[in-house]
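Scroll down for the structure; my scribbles are underneath it.
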Amino acid sequence: MTPPLPTRFAAWFAARGWQPYAHQLEMLAAARDGAHALLIAPTGGGKTLAGFLPSLIDADGGDRRPAGSALSTLYISPLKALTQDVHRNLERPIAEMGLALRAETRTGDTPQAKRQRQRRQPPQLLMTTPESLALLLSYADSADLFAGLQTVIIDELHALAGSKRGDLLALGLARLQALAPGCRRVGLSATVAREDDLRAWLSPHAQPADVRVIRCPDDRKPQIEILEPEGWMPWSGHMALHALPAVYAAIAGAATTIVFVNTRAQAEIIFQQLWHINEANLPIALHHGSLAVEQRRRVEAAMASGRLRAVVATSSLDLGIDWATVDQVVQIGAPKGVSRLVQRIGRSGHRLDRTSRALLVPANRFEVLECRAAVDAVRARTLDGEAPPPGGLEVLAQHLLGVACAGPFAADALYAEVRTAAPYAALSPADFAATLAFVADGGYALKTYERWRRLEPTADGRWRLTSAAHAQRYRMNIGTIVEAVTLKVRLRRGPVLGEVEEYFIQGLQPGDTFVFAGEVLRFEGVRETTAVVSRASGGEPKVPAYAGGRLPLSTHLAARVRAMLADEAGWSALPRPVGEWLALQAQRSRLPGADDLLVELFPRGGKAFLVAYAFEGRNAHQTLGMLLSRRMERAGLGPLGFVATDYVLALWSVHEADDVEALFAEDMLGDDLEEWMAESSVLKRTFRNVAVIAGLIDRRQPGRERSGRQLTVNSDLIYTVLRQHDPTHVLLRATHADAARGFVDLDRLAAMLKRIRGRILVRRLDRVSPLAVPVLLEIGRESVFGGGVDELFDRAARELIAEATGREPDEPARGGQIPLLATVTP
Amino acid sequence: MTATGSGQALTFAGEEMRATLPGALQWPAAQALIVADLHLEKGSSFAGRGQLLPPYDSCATLAGLAQVVDACRPRRVVCLGDSFHDEAAASRLPPPEQKTLSELARGRDWLWVAGNHDPRPGCGLAGDVVSEVRIGAVVLRHRAADDAAGAEVSGHWHPKLEVRVSGRRLRGRCFVVGDQRLILPAFGALTGGLTVRDPAIAGLFPNGFTAYVIGYRRIHRLPCQRLGR
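Taken in sequence, the protein lines are chains V and P. If you're matching positions, the first sequence starts at 7 in my numbering and goes up one per residue. If you're matching positions, the second sequence starts at 25 in my numbering and goes up one per residue.
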C-alpha cells in the first residue's frame with residue numbers, strides 16, 4: 007500500500023491538474039522504508055520529480071534534519087546542462103509550495119566564490135556532476151560536509167555505469183557511504199538489458215538484492231520507419247547522400263527534427279548537403295562535440311524555444327535536456343546498437359502521452375539489414391547487453407590520490423571500501439597494492455623515487471600526502487574524459503568556431519580548405535595554439551578526421567543481422583535491390599550462417615583475396631586483420647593489405663591460403679598479439695588516456711601550453727621506455743585491459759575464434775562474390791600492412807622527388823622480405 | 025673508425041658524414057661521433073616536480089649510445105648540449121648508468137658541450153666541458169647561432185618531420201641538413217620533437233634543406249625545398 011501524499015503536495019499536484027504517477031508514489035514508499043531504489047522509466051515519465059519527491063517532502067517535515075551540515079540530498083548527473091535544467095524544474099515546486107529549502111548547482115562553471123560558500127554553508131539540495139563530486143571529496147572538510155547526507159540521486163545511471171566515469175563515480179559513492187553510512191541511494195535509468203548489473207552498481211555493497219526496482223511501464227509504441235528506396239541502393243559508403251531529399255522532405259513535414267549521425271565528419275557533410283537543397287530556407291542547425299561551447303549553447307537554446315526545424319547532431323545530443331517540441335528523430339546510417347537507437351528515438355515525443363517518431367536512413371545495403379534488425383529489436387524490446395567491464399586501475403589510481411588529498415588513510419580499510427563499489431568488487435589485493443604503489447612512488451621495479459614519493463606512511467601505518475602541491479595538481483586533473491590534443495579554430499578577426507584535432511591541422515598547407523562548423527574554411531596558418539582560418543567557397547574541402555567516435559556494431563545487433571541473412575524466407579520482405587543481392591550471393595557462393603564463419607577466397611587483379619564474414623565490429627576486425635596478416639607473412643603468403651568494416655574483413659596477398667582452418671586457429675592470440683600490441687599505435691593512444699587518468703601525465707591546461715615544450719612529455723615515448731624496462735607495470739596492465747575491451751576488442755575476437763572452431767565454411771570462387779563487393783569498395787581506406795614505416799618513407803621520398811623534378815614517381819618495389827608490421831594513423 | 029651500415033651518407037660543408045641509427049652523426053675523417061640532446065634523467069627531473077615518470081630513460085638512452093659507439097668506435101664523442109635534463113641531473117645518474125658512461129668514455133675524447141638545460145654539464149663524470157667545438161672548418165654548438173658565419177652543426181630543436189604519404193601521416197625524428205647548417209635530432213629516450221615546418225627551424229634554412237628521417241631500420245633522405253619557404 008503506497009502512502010498518500012502530504013496535503014500540501016497533493017494540493018500542488020491538484021492545482022496543476024496532475025495525478026502523481028504510480029512510480030512516483032512507489033519511490034516515496036521506498037524512501038519511507040529506507041530502501042535503495044532504482045527507477046527504470048522512459049524519458050518524459052516525471053522521473054526527476056520521482057527522484058526528488060521524498061527529499062522535498064522530508065524537507066517540508068523539517069524534523070528529520072540532523073545537526074551540522076544542512077546538505078541532505080545530492081543529485082549527480084552526467085551533464086552540466088542537466089543539473090541546471092533539473093535545478094530550474096525543482097525551483098518551481100519549491101517556490102509554489104513555499105518549501106523552506108535551498109537547491110543549488112555546482113559544476114566546473116560555478117564561480118569560485120559561490121563554490122567556497124557552498125562548502126561553508128551548503129544548500130539542502132546540491133546538483134552536481136561526477137567530477138565535481140570527486141573534487142568536493144578531495145577536501146579535508148568533506149567529512150563534515152557530507153555527514154548529514156540522507157539521499158544521493160544518480161540520474162541517467164545507464165549512461166554512467168560501465169564507463170570509466172561510472173567507475174570514478176562508483177568509487178566516489180563508496181567514499182560518500184563511509185562518510186554518511188545511512189545515506190540512501192536512488193538511481194534513475196532508462197530501460198536496460200542487464201538490470202541486475204545496474205542494481206549491483208547502485209548498491210552500497212555491490213549486491214543487486216539491496217536495491218528495490220521501481221518501474222514506470224512504457225506502453226508507447228514508437229513509430230519507426232526505414233527509408234528504403236525501391237530503385238537503387240548504394241553498395242558502400244556511410245553518408246546516405248542519395249536519401250537526403252527524402253530526409254529534407256521529412257524535416258519539412260514535422261515540427262522539429264533531430265537528425266542523428268554517427269560521426270562528426272558525417273555531421274559536417276550532411277549539414278552542408280541539407281543546406282544545398284534547403285529551398286525553403288528552413289532553420290537547420292549543427293551540433294557536435296568539437297564546436298565551440300557558446301555555439302552549442304546557442305543551438306540548444308534555439309531548440310528549446312522552438313526556433314529550429316532541425317538540428318544535425320552526433321552523440322552530443324544523445325543525452326540532455328528534454329525538448330518538448332521535438333516530434334521526429336532521423337537516424338542517418340545504421341544505429342550500431344539497439345540501446346543507443348532507443349535512447350535516440352526517446353529524444354522525440356518527450357511525453358508519456360505522445361508517440362516517438364523515428365526515421366532510419368540506411369546508407370548502404372548492409373545497413374539496410376542492420377536497420378531492419380534494429381527495428382525488430384526495438385519492437386521486441388531486446389537491448390544490447392554487454393557485461394560491464396571491471397573498473398579500470400587507472401581510475402582507481404586517481405581516486406586513491408583524491409582520498410589522500412582529503413586526509414591520511416589506512417590501506418586495508420580503503421581496500422575494503424573500494425570493493426563495495428561494484429566495478430571493483432573483484433579487485434585483487436595485489437592489484438590494489440600495485441595501484442597504491444603507483445600513486446605513492448610510481449610503483450616502478452626500479453626503486454629510485456623514494457624522495458619524491460607523493461604518499462608516505464605515517465607512524466600509525468596510514469598513508470598521507472607528502473605535499474599540498476600534489477593535491478593542487480590532482481584537483482587540476484580530475485576526471486576520466488581525456489580529450490584529444492586539439493587546436494582552436496578561429497576566424498581571422500572573428501570568433502572561435504570550435505576545436506579540431508591537432509594532427510588534422512598539421513596535415514594542412516596554408517590555402518587548403520576544409521569543412522568545419524558548417525562552413526568551408528581556408529586554412530591560413532597556426533598562431534600558437536590556434537588555427538587561423540578565413541571563409542572560403544568551393545574547391546575540394548577536406549573533412550576533419552576525428553579520433554574515435556565510431557562505435558562498433560553491438561554483438562546483439564550483429565546476431566540479429568546474421569539471423570536475417572540465414573533466413574532465406576524473409577528476404578522477400580527486404581527492399582528489392584537488397585533481396586536480389588542476397589539471392590545472387592546464394593547462387594554464386596552462399597550466405598553466412600547464424601553461428602559459423604564464412605570465408606571466401608578468390609583472385610582479383612593478380613592478387614589473392616580472402617573475405618571473412620565475421621560480424622564482430624570494426625575494432626575486432628582490425629585486430630583480426632593485423633593478426634592474420636602476421637600469420638600469412640610467416641606462411642610466405644605475402645600479405646599486402648586489409649580493410650575492415652563492421653561486418654567483414656577482407657585481406658589480399660600474393661599467394662592464396664590453402665589451410666584456412668589453421669589460419670584462424672585460436673593461438674593467434676598468443677605471441678603475435680603481444681608483439682603487435684607492443685608496436686601498435688592503438689595501444690599508444692590507449693596508454694595516453696590511461697596515463698592522463700592515472701595522473702602520470704597532466705592534462706593540457708588552457709593557458710599553460712605556452713609555458714614551454716619541455717613541460718609536456720610525449721606519452722608514446724614513455725610507453726616505449728616503460729614497456730622495455732618495466733613490462734608488468736600496473737599502468738601497462740591497465741592499458742592492456744582497456745585496449746582489450748575497446749580499440750582492440752580482444753574479448754569479442756577471442757569469443758569468436760572459439761565459437762568458429764570447426765565451423766569455418768570455405769568457398770573458393772573464381773571471382774568476387776556479391777556479398778564481398780561492399781568491403782572491396784572500401785579499399786583505399788585500408789590499414790597499412792607490410793609496407794611499414796620504411797617503405798612509406800621511401801614512397802614519400804619518391805613523391806617529393808617526383809614533385810621536384812616533374813616526373814611520375816617510380817612504381818614502389820613490391821615483394822621481398824617485409825620486415826615490419828606498422829600501424830600508421832590514417 | 026668504421027662506418028656502420030645502418031645509415032645514410034651525406035655531404036655537409038664538403039665533408040663526408042653519415043647519419044646513423046638511432047640518431048647520431050658520424051664524421052669519419054674527424055673520427056668523431058656526434059649526438060645531441062640526450063636529456064639524461066628527464067624522468068627523475070619530472071619526478072622531482074611531482075610527476076612520477078618512469079625512471080628508465082637514462083638507461084634506455086645510454087643503451088642506444090653504447091650501441092652506436094660500439095659500432096663506430098670513434099676517437100672522439102661530442103655530446104652537443106642538453107645532455108642532462110637539468111643541472112643536478114648528473115648527480116642523480118644511477119650508478120649503473122655512471123658506469124656505462126665511464127666505460128664508453130674510456131680511451132677516447134669525450135666532449136660535453138654546454139646546453140641551455142645543462143650550462144655546466146657532466147659534473148663529476150669523465151670528459152671535458154666546452155661551450156663549443158671547432159673541428160676543421162665546422163663549429164659544433166648546442167643551439168644554432170643566428171649569425172653563424174661558417175658551417176655549423178647543432179642540436180637543441182629536436183627536429184622531426186611529418187609527411188603525408190598516400191593519405192597517411194608519418195612522422196620521425198630527423199637530421200636537418202642545409203648548405204651551412206646541420207641540426208641533429210634529439211637522442212634522448214623521452215625527448216619529443218618539434219616539426220621542421222616550425223619557423224624556429226625552417227627559418228634557419230632559407231634555401232631549403234634535406235631531411236634524413238629516422239625510420240624503423242633505415243634512415244631516409246627527403247629533400248624538402250618546399251618546406252623551407
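Virtual Cβ for every residue (Gly too), placed ideally from N, Cα, C.
task: Taking C-beta pairs closer than 8 angstroms, name the residues in chain V that cysteine 83 of chain P reaches, listed in chain order.
output: For this step, residue 83 of chain P is matched to residue 59 along the second sequence. Per Cβ cutoff of 8 angstroms: His731.
message: Just to confirm my understanding: we take arginine 132 of chain P, look at its own chain, exclude 5 residues before and 5 after, and list those with CB closer than 8 angstroms. What are they?
response: Reading the second sequence from its first residue, position 108 is the one you call residue 132 of chain P. So the qualifying residues of the chain are Pro98, Arg99, Arg100 and Val101.
query: On the three-pair Cβ rule with 8 angstroms, is the stretch 598-612 of chain V touching the stretch 632-639 of chain V?
result: no
- prompt: Any idea if leucine 329 of chain V is buried or exposed, counting beta-carbon neighbours within 10 angstroms, 16 or more meaning buried?
  reply: What you label residue 329 of chain V is simply residue 323 of the first sequence in a count that begins at 1. Reading the sequence as shown, one finds tryptophan at residue 329 of chain V and not leucine. Buried, since its Cβ has 16 or more Cβ neighbours within 10 Å.
- request: Grab me the residues of proline 341 of chain V's own chain with a C-beta within less than 6 angstroms of its C-beta, minus the 5 sequence neighbours each way, in chain order.
  value: Your numbering for residue 341 of chain V matches position 335 in the first sequence. Correct list, in chain order: Leu347 and Ala380.
- request: Could you give the DSSP three-state label for glutamate 681 of chain V: helix, strand or coil?
  value: Translated into positions along the first sequence, residue 681 of chain V becomes position 675. Three-state DSSP puts glutamate 681 of chain V in a helix.
- request: Report the neighbours of proline 46 of chain P on chain V: residues whose CB is nearer than 8 angstroms to its CB, in chain order.
  value: By one-based count along the second sequence, residue 46 of chain P stands at place 22. None at all; the shortest Cβ gap to chain V is about 12 angstroms.
- prompt: How would you list, in chain order, the residues of chain V whose beta-carbon sits under 8 angstroms from the beta-carbon of serine 178 of chain P?
  reply: What you label residue 178 of chain P is simply residue 154 of the second sequence in a count that begins at 1. Residues of chain V passing the Cβ test: none, with the nearest at roughly 17 angstroms.
message: How far does the beta strand (DSSP E) with glutamate 530 of chain V in it extend, from its first residue to its last?
response: Counting from one through the first sequence, the residue named residue 530 of chain V turns up at place 524. It spans 525-533 - the beta strand (DSSP E) in which glutamate 530 of chain V sits, taken as one unbroken run.
- prompt: Any idea what DSSP makes of leucine 80 of chain V, helix, strand or coil?
  reply: Within the first sequence, numbered from 1, the residue matching residue 80 of chain V stands at position 74. Strand.
query: To which residues of the same chain is proline 48 of chain V closer than 8 angstroms at the C-beta, ignoring the five residues directly before and after it?
result: The residue labelled residue 48 of chain V in the question sits at position 42 within the first sequence. Result list for proline 48 of chain V: Ala196, Thr197, Cys222, Asp224, Arg226, Gly352 and Leu358, in chain order.
query: Quick one: what's got a C-beta closer than 7 angstroms to glycine 408 of chain V's C-beta in the same chain, skipping five residues either side?
result: Reading the first sequence from its first residue, position 402 is the one you call residue 408 of chain V. Excluding residues within five positions, the ones whose Cβ falls inside 7 angstroms are Ala140, Leu143, Ser144 and Tyr480.
query: What residues from chain P crowd round valine 727 of chain V, counting only those whose CB sits closer than 7 angstroms?
result: For the purposes of this step, residue 727 of chain V is identified with residue 721 of the first sequence, where counting begins at 1. The answer, in chain order, is Pro78, Tyr80, Asp81, Ala84, Ala213 and Leu214.
- request: Just the C-alpha distance for glutamate 681 of chain V and phenylalanine 522 of chain V, rounded to the nearest angstrom, thanks.
  value: Translated into the one-based positions of the first sequence, residue 681 of chain V becomes position 675. Translated into the one-based positions of the first sequence, residue 522 of chain V becomes position 516. Computed Cα separation, rounded: 38 angstroms.
- request: Kindly indicate the opening and closing residues of the alpha helix (DSSP H) around cysteine 222 of chain V.
  value: The residue labelled residue 222 of chain V in the question sits at position 216 within the first sequence. Looking at the DSSP string, cysteine 222 of chain V is not in any alpha helix (DSSP H), and its letter there is neither H nor E.
query: Where does tryptophan 241 of chain V sit, in a helix, a strand or coil, going by DSSP?
result: Taking the first sequence and counting its residues from 1, the one referred to as residue 241 of chain V is at position 235. Note: tryptophan 241 of chain V maps to coil in three-state DSSP.
- prompt: Could you give the distance in angstroms between the alpha-carbon of isoleucine 207 of chain P and the alpha-carbon of leucine 62 of chain P?
  reply: As a first step, residue 207 of chain P is located in the second sequence; it is residue number 183 there, counting from the start. As a first step, residue 62 of chain P is located in the second sequence; it is residue number 38 there, counting from the start. Roughly 14 angstroms separates the two Cα atoms.
Between the CA atoms of alanine 316 of chain V and isoleucine 257 of chain V - distance to the nearest angstrom: The sequence position of residue 257 of chain V within the first sequence is 251, counting from 1. The sequence position of residue 316 of chain V within the first sequence is 310, counting from 1. Cα-Cα distance, rounded: 7 angstroms.
query: Rounded to the nearest angstrom, how far is the Cβ of leucine 105 of chain V from that of leucine 132 of chain V, given a contact under 8 angstroms?
result: Within the first sequence, numbered from 1, the residue matching residue 105 of chain V stands at position 99. Within the first sequence, numbered from 1, the residue matching residue 132 of chain V stands at position 126. 16 angstroms between Cβ atoms; not a contact.
- request: With DSSP as the reference, label glutamine 515 of chain V as helix, strand or coil.
  value: The residue given as residue 515 of chain V occupies position 509 in the first sequence. Residue state, collapsed to three classes: coil.
Member of P/Leu185, P/Ala161, P/Val92 and P/Gly160 whose CA lies at the smallest distance from the CA of leucine 49 of chain P: Residue numbering aside, residue 49 of chain P sits at position 25 when the second sequence is read from its first letter. Out of P/Leu185, P/Ala161, P/Val92 and P/Gly160, the CA that lies nearest to the CA of leucine 49 of chain P is found in P/Val92.
- request: Determine the direct distance from the alpha carbon of methionine 638 of chain V to that of alanine 663 of chain V, and round the result to whole angstroms.
  value: For the purposes of this step, residue 663 of chain V is taken as residue 657 along the first sequence, with counting starting at 1. For the purposes of this step, residue 638 of chain V is taken as residue 632 along the first sequence, with counting starting at 1. Cα to Cα, the separation comes out at about 8 angstroms.
query: Span of the alpha helix (DSSP H) holding cysteine 83 of chain P?
result: Start at 1 with the first residue of the second sequence, and residue 83 of chain P comes out as number 59. It spans 81-96 - the alpha helix (DSSP H) in which cysteine 83 of chain P sits, taken as one unbroken run.
task: Count the other CB atoms, across all protein chains shown, that sit within 10 Å of the CB of arginine 387 of chain V; report buried if there are 16 or more and exposed otherwise.
output: The sequence position of residue 387 of chain V within the first sequence is 381, counting from 1. With fewer than 16 Cβ atoms within 10 Å of its Cβ, arginine 387 of chain V is classed as exposed.
- prompt: Does the beta carbon of asparagine 720 of chain V sit closer than 7 angstroms to a beta carbon anywhere in chain P?
  reply: Position 714 of the first sequence, counting from 1, holds the residue named residue 720 of chain V. By this cut-off, asparagine 720 of chain V is an interface position.
field: Cβ-Cβ separation, proline 581 of chain V to valine 445 of chain V (assumed contact under 8 angstroms), whole Å
entry: Counting from 1 along the first sequence, the entry for residue 445 of chain V is found at position 439. Counting from 1 along the first sequence, the entry for residue 581 of chain V is found at position 575. 57 angstroms between Cβ atoms; not a contact.
- request: Go ahead and label serine 126 of chain P buried or exposed: buried means 16 or more other beta carbons lie within 10 angstroms of its beta carbon, across all protein chains shown.
  value: In the second sequence, counting from the first residue as 1, residue 126 of chain P sits at position 102. Within a 10 Å sphere around the beta-carbon of serine 126 of chain P sit fewer than 16 other beta-carbons, which makes this residue exposed.
field: Nonlocal neighbours in the same chain, by C-beta distance under 8 angstroms from glutamine 30 of chain V, ignoring five residues either side
entry: In the first sequence, counting from the first residue as 1, residue 30 of chain V sits at position 24. Closer than 8 angstroms at the Cβ level, and outside the excluded window around glutamine 30 of chain V, lie Gly52, Leu55, Ala56 and Leu59.
- prompt: Are cysteine 411 of chain V and alanine 475 of chain V touching if we call contact CB-CB under 7 angstroms?
  reply: Counting from 1 along the first sequence, the entry for residue 411 of chain V is found at position 405. Counting from 1 along the first sequence, the entry for residue 475 of chain V is found at position 469. Result no, Cβ atoms of cysteine 411 of chain V and alanine 475 of chain V do not sit closer than 7 angstroms.
- prompt: When the Cα of serine 78 of chain V is compared with those of V/Ala101, V/Asp704 and V/Gly188, which residue comes out closest?
  reply: Here the question's residue 78 of chain V lines up with position 72 in the first sequence. The option with the nearest alpha carbon to serine 78 of chain V is V/Gly188.
message: Which residues does DSSP list as the beta-bridge partners of cysteine 248 of chain P?
response: Mapped onto the second sequence, residue 248 of chain P falls at position 224. Its beta-bridge partners are P/Phe233.
- prompt: Which first and last residues belong to the beta strand (DSSP E) in which tyrosine 619 of chain V is found?
  reply: In the first sequence, the residue the question calls residue 619 of chain V occupies position 613. Tyrosine 619 of chain V -> beta strand (DSSP E) spans 613-619.
- prompt: When the Cα atoms are used, what is the spatial distance from valine 495 of chain V to threonine 124 of chain P?
  reply: Within the first sequence, the letter at position 489 stands for residue 495 of chain V. Within the second sequence, the letter at position 100 stands for residue 124 of chain P. Between valine 495 of chain V and threonine 124 of chain P, the C-alpha separation is close to 48 angstroms.
task: Assess, as a yes-or-no matter, whether the stretch 689-706 of chain V is touched by the stretch 742-749 of chain V under the definition of 3 or more beta carbon pairs within less than 8 angstroms.
output: yes
- prompt: Going along chain P, which residues have a C-beta under 9 angstroms from alanine 475 of chain V?
  reply: Taking the first sequence and counting its residues from 1, one reaches residue 475 of chain V at position 469. Neighbours of alanine 475 of chain V on chain P, chain order: Arg73 and Gly74.
query: Is the CB-CB distance between aspartate 81 of chain P and alanine 213 of chain P below 7 angstroms?
result: Translated into the one-based positions of the second sequence, residue 81 of chain P becomes position 57. Translated into the one-based positions of the second sequence, residue 213 of chain P becomes position 189. Yes, the pair counts as a contact, with Cβ atoms nearer than the cut-off.
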